[in-house]
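If you're matching them up, the sequences are chains A and B in order. In terms of this note's numbering, the first sequence opens at residue 4 and continues consecutively. In terms of this note's numbering, the second sequence opens at residue 4 and continues consecutively. Glycine included, C-beta positions come from ideal geometry on N, C-alpha and C. Keep in mind it's a predicted model, so treat the numbers as computed, not measured.
2 protein chains.
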Amino acid sequence: MRMVDLIEKKRDRESHSKAEIRFIIDGYVRGEIPDYQMAAWAMAVFFRGMSLEETAELTLAMAQSGDQLDLSTLGGRFVDKHSTGGVGDKTTLLLGPMVAACGVPVAKMSGRGLGHTGGTIDKLSSVPGFRVELTQEEFLLQVKKIGLSVIAQSGNLVPADKKLYALRDVTATVNSIPLIASSVMSKKIAAGAQGIVLDVKYGSGAFMKTVEQARILAKTMVDIGKELGRQTIAVLSNMNQPLGRAVGNSLEILEVVDALQGKGPADLMEVSLELGGWMLVAGEVVPDVETGKKNLRQSLQDGAAWHKFLAFITEQGGDVQAVIERRLTVGPWDLPILAEESGYVQPFDAHKIGVLAMTLGAGRVTKESPIDLGAGVVLAKKAGEWVKAGEPILLLYSSNKEKLAEAFELAQNLTSVGSEEPQLPLLIEEIIK
Amino acid sequence: MRMVDLIEKKRDRESHSKAEIRFIIDGYVRGEIPDYQMAAWAMAVFFRGMSLEETAELTLAMAQSGDQLDLSTLGGRFVDKHSTGGVGDKTTLLLGPMVAACGVPVAKMSGRGLGHTGGTIDKLSSVPGFRVELTQEEFLLQVKKIGLSVIAQSGNLVPADKKLYALRDVTATVNSIPLIASSVMSKKIAAGAQGIVLDVKYGSGAFMKTVEQARILAKTMVDIGKELGRQTIAVLSNMNQPLGRAVGNSLEILEVVDALQGKGPADLMEVSLELGGWMLVAGEVVPDVETGKKNLRQSLQDGAAWHKFLAFITEQGGDVQAVIERRLTVGPWDLPILAEESGYVQPFDAHKIGVLAMTLGAGRVTKESPIDLGAGVVLAKKAGEWVKAGEPILLLYSSNKEKLAEAFELAQNLTSVGSEEPQLPLLIEEIIK
C-alpha cells in the first residue's frame, strides 16, 4: 500500500477500506507517513468527506494509537461528557460533582484549552494547591474513593489525534465534520467511556455557527458511537449568549461554587441539568432524563453535590477553605461598563464577549501563552434583564492595566439597552441519540 | 501574511493576490513554508483551480525563483518547444537541427525523464561520447557558433518548480491544470524563450486522456504566455498510436538519423513539420506555417538539417562516425512478435506499448533507476499496414534476457490483425494560439 495512492483514492471519491484507514493512522503515528502526505489527505477529506464506516474506523484507529484507559476494574458504568466549546462554558465543573453525587462515577481527562478562556484544567488551576496532574494509580484510586477525579490528559493518550490535530491547525483542515467527529470521539473512547454525552453548541460563540452544521456534527458523532458500541447522546444547545455570567478562569470557578450551592444562573442550570440528566440515563442509574434531572436537583438541594465538590478539591490537594470563602485571585484591577440609560439589556454577541475575555488575558493566543487566571468578564446583567442608568452591565477584570484599558475600549460597543424586552431563543434545540 | 490563511482562502474559493502568490512561492523556496502547508495548498488548488491571473503570476514567480537564462546577448529570437509527452516522441531531436537549419537558433535545456523511455537527454546519452552537461559559457558559445545546443537542465533553474513538482508527485496533486501549466511555462520562461510552441498530446499514450482535457491545458498555457508577453502556440496532437516506429533511447536516435535523411515515418514527419512550422513562425523567419513547413522540407532535402545534426553531435563531443554508420548499442538480445495470420495491423494501445518498452528497461521506474539505453520496441508494422502471416509486427530489444522474456509474455496480447483496414484519426486535431 502506498500513501500517494490512498490520497488519490480519497481525492477521487473512492472509499477507504478498514485496512487502508489503519495503514494511514498507524503509519502517521510511527512517522512512516510524512506530514505533507497527511496534509494532502486531510484536505482531500475536507472536500470529499468520509462515510460513516470510514469515520468510525478512523475514530477507532486513533483511539487505539496510544494508551487506553481501562476503567472496568473500578466497576460501575463510566460516562464521559464533551462540549464543542463555548463562551462561559463551565458545565463540566458543575456536572462532575452533581453526577458523581447521583451515583455515576466521573473519571475525566481534560485538555488545556486554546480559546476565549482556558480549558477545564486551567480553571481548576486557579484553586490554590490544586493538582491537575496525578499518576494513573492516584487517579483511579480517587475515583474509587469518591467517584470523581478530573486531571490533565496524560502523555500518550490518542497520539494520532494530537499529531493530526496540530497538523490540521496549520493546514486549514480543521473544519471537516468527519475529522472533528473522529477527533472528539477517539479521545472519549481511549479514556474508557462506555456512555458519552455531547454538548454540541451552535451560534456566534461556538465553533459551529449554524444549527444545521451542529446537527450534522452531532449526528455524525452519535452514529460513530453507535457503530463502535458506545451509547452516545448529543444535546444541541444555543451559544449565541455566554453561558452563565462569568467568563474567565477564577471567575468561572466562583460561579460554579455559587451554582453548587443553589445560586446558579438559570441558563447555566438548564443546560447542565439537561446534560447531567442524560449522563445519568447513559450511566443506567435512572430510566429517563426527567428522573435524572430530578435527582440532580435533589443533589443540589441536599448539599450532596456541593460536598462532593469539596471532597474532590480536597483529594486533589486544593485549598478547600479558600474555595468555601471564595478567596480566589480575581483582577486585581477592574473596570465596570455602565448603562447609559435605563432599559432591557439587549442580546450580547457571545463571540465578542469571548474576544473581550481573551483581550483581558483569560485565554491562550498560542499553545505556549500564559493565562491570567484572575482575568475575565462578568455579565452583571444578562440579555433581557432590566438595568437602571448608571448601573454596571459588564465588569472587566485583569492583572494588567494596559490590557484592561484595551478591553475597556473594545467593550464600548458591546452593550446596548432598549425599551423592548428581547426575545431569547430556546437554549436546548434538540436531543440526538 | 500567514500561509494557513492563504490555504483557507484557496479552499474557500477566494482568489490570491499577486503578493500572496509571491509570498507562497518565495516562502516555499526559502524553506519558510513547510512541505505540509504547501501540500494542503496544492490539494486545495486541485479542487478549486486558479484564475488566469493567479496562474500567470504563479508561473512568473516560479520562473524567477532561481537563475534565468538571458539569451538576448546572442541576438536572434529564441523559440522553445515542449511536449506533454508521449510514446515514441522524439520530435525535439528532429526539430532541433531542422529549425536551426532554417535560421531560428535552438538553445534547449531538457530534463531526464520519468516514463516509458528516458527524456531527450537520456536519448542523446546513447550516442558514444556525447556530453549532455556543458558550462553555460560553452552552451551559449555553441549556440552562437552553430545555432543549436541541447543540454541537461542546470542546477538552479526554477527551483520552485523542482521542489513543488517533487511534492506534488507524492501527494496526488500532479493532475491539476493550473499546476501543470505553470510548471511547464515557468521552465520555458526561465530558459529565456521568447516564443513557445507546445505539443499537447491526448489519448491512451498521453498524460491527458481526452482531447477536451488537452484543449483546456493547451488554452491555459497559451493564455499564460499571452499574459506574460511570450508568443505561445499549442498543437493538439493525437497520441493513441506511438509516434514513429521506435520506442527506446538508442532506437529513437536511429529513427531520427533516418528521418533527417528523408526516411522518417509519415506520422513522425507530419507532427514534426507542424510543430517546426510554428517554431519558424514564432521565430519570425516565415510569415505563415505553410512557408515554414516548406522551408523545413527543403532543409531535409538539401541535407542542411542532417549536417546541422552532425555538427551538433560533433560540437558536444559525440562520436559522429558512429552516428553516420548507425553503430549505437541496441539489444543485444531481441525477439520478434510475429503475425499469426495475414491482414491489416489493427491499432495499438500506445500506453501498453509504453509499458512494454518500460518492461524491457527503456524507462525509469524511479528517479534513481538506471536506463537500459539499448532496450525498447520497434513497430515493424504500424496500425493500418498490411502484414503477412509469419512476418514480425513488433521487435523487442533488451540487454536483460529475463526482462525480454517478461516483455515477450506481455506482448502476446498487444497485437491483432484483421481483414478490415482500420480508420485512423487525424494526427493534428487543432492549433490553439
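Assigned secondary structure, residue i (DSSP; H/G/I helix, E/B strand, else coil)
i       : result
N252(B) : helix
M53(A)  : coil
I434(A) : strand
R25(A)  : helix
L299(B) : helix
L341(A) : strand
I374(B) : coil
I36(B)  : coil
L144(B) : helix
K111(B) : strand
D70(B)  : strand
L407(A) : helix
L417(A) : coil
G379(A) : strand
M46(B)  : helix
Endpoints, the beta strand (DSSP E) within which residue i is located
i       : result
Q234(B) : Q234 to N241
V200(A) : G198 to Y205
H85(B)  : V82 to S86
L399(B) : P395 to S401
V348(B) : G346 to V348
A155(A) : L151 to A155
Residues near residue i by beta carbon distance below 7 Å, same chain, minus five either side
i       : result
S186(B) : D164 and Y168
I154(B) : M112, V135, E136, L137 and F142
D83(A)  : K111, K191, A194, A196 and I199
T123(B) : T95, L96, S113 and V153
S189(A) : T62, M65, A66, V161 and D164
L74(B)  : F81, A110 and G195
Residue closest to residue i, alpha-carbon to alpha-carbon, out of the options
i       : options                               : result
K147(B) : G106(B), L283(B), G121(B) and T176(B) : G106(B)
N243(B) : P428(B), K222(B), L144(B) and S419(B) : P428(B)
G279(A) : L254(A), I236(A), T317(A) and I28(A)  : I236(A)
F315(B) : S86(B), E56(B) and Q145(B)            : Q145(B)
P335(B) : G158(B), T94(B) and L407(B)           : L407(B)
A103(A) : G286(A), V274(A), S54(A) and I327(A)  : G286(A)
E293(A) : G121(A), W281(A) and S253(A)          : W281(A)
S372(B) : H119(B), R16(B) and M65(B)            : H119(B)
T332(B) : N252(B), D291(B) and L74(B)           : N252(B)
I327(A) : E344(A), G320(A), E56(A) and W309(A)  : W309(A)
S422(B) : L382(B), V288(B), I434(B) and P350(B) : P350(B)
E414(B) : D352(B), S179(B), G158(B) and K13(B)  : First, the amino acid is wrong: residue 414(B) is Ala here, not Glu. Cα-wise, what sits closest to A414(B) is D352(B).
L440(A) : H85(A), E215(A), E140(A) and L98(A)   : As shown, chain A starts at 4 and ends at 436. That puts residue 440(A) outside it, with no answer to give.
E11(A)  : L303(A), S20(A) and W44(A)            : W44(A)
R16(A)  : K126(A), G295(A), A378(A) and E57(A)  : E57(A)
A59(A)  : K166(A), I36(A), R233(A) and I435(A)  : R233(A)
S68(B)  : E255(B), I435(B), Q426(B) and K166(B) : K166(B)
I435(B) : G228(B), T213(B), F411(B) and G34(B)  : G228(B)
Proximal residues to residue i (C-beta, below 6 Å), its chain only, five neighbours per side dropped
i       : result
L61(A)  : I24 and S185
D322(A) : P131 and G132
M46(B)  : T176
Q264(B) : W309
F312(A) : P100 and L263
F49(B)  : T176 and S179
Q319(A) : F133 and R134
Boundaries (first-last residue) of the alpha helix (DSSP H) holding residue i
i       : result
M272(B) : A269 to A285
S128(B) : T123 to S128
A184(B) : I180 to A193
G89(A)  : Segment: none, G89(A) is in no alpha helix (DSSP H) and carries neither H nor E.
L167(A) : P162 to D172
G366(A) : Neither: G366(A) is in no alpha helix (DSSP H) and is coded neither H nor E.
Q324(B) : V323 to I327
Neighbourhood of residue i by C-beta distance below 8 Å, restricted to the same chain and skipping five residues each side
i       : result
A42(A)  : L170, T174 and T176
E344(A) : A392 and V420
V274(B) : T94, D202, V238, S240, L246, L430 and I431
G158(A) : D70
P268(A) : G247, R248, E258, A262 and K385
Open item on the list: Can you confirm whether the region 394 to 401 of chain B touches the region 362 to 375 of chain B when touching is taken to mean that 3 or more C-beta pairs between the two stretches lie within less than 8 Å?
Closed with: yes
TODO: Could you tell me whether the region 68 to 85 of chain A touches the region 252 to 263 of chain A, where touching means 3 or more Cβ pairs closer than 8 Å?
DONE: no
Open item on the list: Three or more C-beta pairs under 8 Å: does that hold for the region 339 to 351 of chain B against the region 381 to 395 of chain B?
Closed with: yes
TODO: Answer yes if the region 209 to 221 of chain B comes into contact with the region 246 to 258 of chain B, meaning at least three C-beta pairs across the two stretches below 8 Å, and no otherwise.
DONE: no
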